[in-house]
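K.L.:
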């Protein structure tokens, strides 16, 4: 990154075409896991229903591997490399890990506050039922408290998805900008890698969204889909617009990219380990509240970890180019 140059040939038409291709790849990635939600609304055979549910399962675990690899192989490595003492003369050299730590702690506090709110609601519900002298009133209060708990759980689940998408979106802006200013040789390889990169990230977000109910929140779902699909093409367009003035070796440019990558890395690292892997493997199965892998069959466990490793492996391989 420190000695990057932009002295090769620049095909503007190809760069403009890349905007639309990357948009299609991003949109396809995030929409694929959501297809079963729309298909299952129609009358289909039980065989097809099982296939669609299996598709959602594999997409979810493949996406988990993608999120984990993106946070470590892409974001963390790039952040450390960009803000290294070899690139920038910093007064405080471990700036990147400090920013990663800060963003991770902020997300932890937000997630903890929501979890604590859920815990207190649960205690209140249990205490109300114990103290109730009238059975009917107790049942009515229990139903009300359970409804409150479900509402808070839904808020936390949607917050988890927003945390994951925000980390990926930060990174996607930089990915798009990098492609927008890239020159030959190397543009084609970078272009192909980024298309797959964005499709995989989209699959990771979409598979998480597919687990949640967006009843009454359809606008939020549409905004999240459109935002992800457009963010990298917007980055490419910005790169095309500033290609003559953009210098990746400039200190201010490296600081901006390094800080953004560090923030995104902390956010996504927390999302990958806590909100995705820990809850799915050891908790209640994530936002759905269904049993996690602890209660799954051996075949499901093997399939889940196989899909996880496949997603992480493909994303790690793409880290060589993008």
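Residue numbers (the numbering used here): -17 to 304. Note that the Cβ used here is the ideal one computed from N, Cα and C, for glycine as well. Here the structure is a predicted model, which is why all the values come from computation and not from measurement.
Alpha carbon to alpha carbon, how far is residue 262 from residue 203? Give it in angstroms, no decimals.
P.N.:
22 angstroms
K.L.:
Residue 81: buried (16+ other C-beta within 10 angstroms of its C-beta) or exposed?
P.N.:
buried
K.L.:
Please report the straight-line C-alpha distance between residue 278 and residue 228, rounded to a whole angstrom.
P.N.:
C-alpha separation (whole angstroms): 51 angstroms.
K.L.:
Check whether the stretch 283 to 300 and the stretch 76 to 96 touch, using three or more Cβ-Cβ pairs below 8 angstroms as the test.
P.N.:
no
K.L.:
Quick check on the burial criterion: 16 or more other C-beta atoms within 10 angstroms. Buried or exposed for residue 60?
P.N.:
Note on residue 60: 16 or more other CB atoms within 10 angstroms of its CB, so buried under the neighbour-count rule.
K.L.:
From residue 95 to residue 183, what does the alpha carbon distance come to, in whole angstroms?
P.N.:
28 angstroms
K.L.:
Do residue 163 and residue 217 count as a contact pair if the criterion is CB distance below 8 angstroms?
P.N.:
no
K.L.:
Starting from residue 14, trace the alpha helix (DSSP H) in both directions and tell me its first and last residue.
P.N.:
It is not in any alpha helix (DSSP H) - residue 14 carries neither H nor E in the DSSP assignment.
K.L.:
If I'm right that residue 214 touches residue 236 with Cβ under 8 angstroms, what's the distance once you round it to whole angstroms?
P.N.:
No, residue 214 and residue 236 are not in contact; Cβ-Cβ is about 21 angstroms, not under 8 angstroms.
K.L.:
Given a threshold of 16 other Cβ atoms within 10 Å of its Cβ, counted over all protein chains shown, does residue 91 qualify as buried or as exposed?
P.N.:
exposed
K.L.:
To the nearest whole angstrom, what separates the beta carbons of residue 176 and residue 157, a pair I think is in contact under 8 angstroms?
P.N.:
So it is a contact: roughly 6 angstroms between Cβ atoms.
K.L.:
Using DSSP with H/G/I as helix, E/B as strand and the rest coil, what is residue 243?
P.N.:
helix
K.L.:
Are residue 185 and residue 15 touching if we call contact CB-CB under 8 angstroms?
P.N.:
yes
K.L.:
Just confirm the distance between the C-beta atoms of residue 57 and residue 243, as a whole number of angstroms; I'd bet it's less than 8 angstroms.
P.N.:
5 angstroms
K.L.:
Assign residue -5 to one of three DSSP states: helix, strand, or coil.
P.N.:
helix
K.L.:
Is it buried or exposed for residue 153, if we count other Cβ within 10 angstroms and need 16 for buried?
P.N.:
buried
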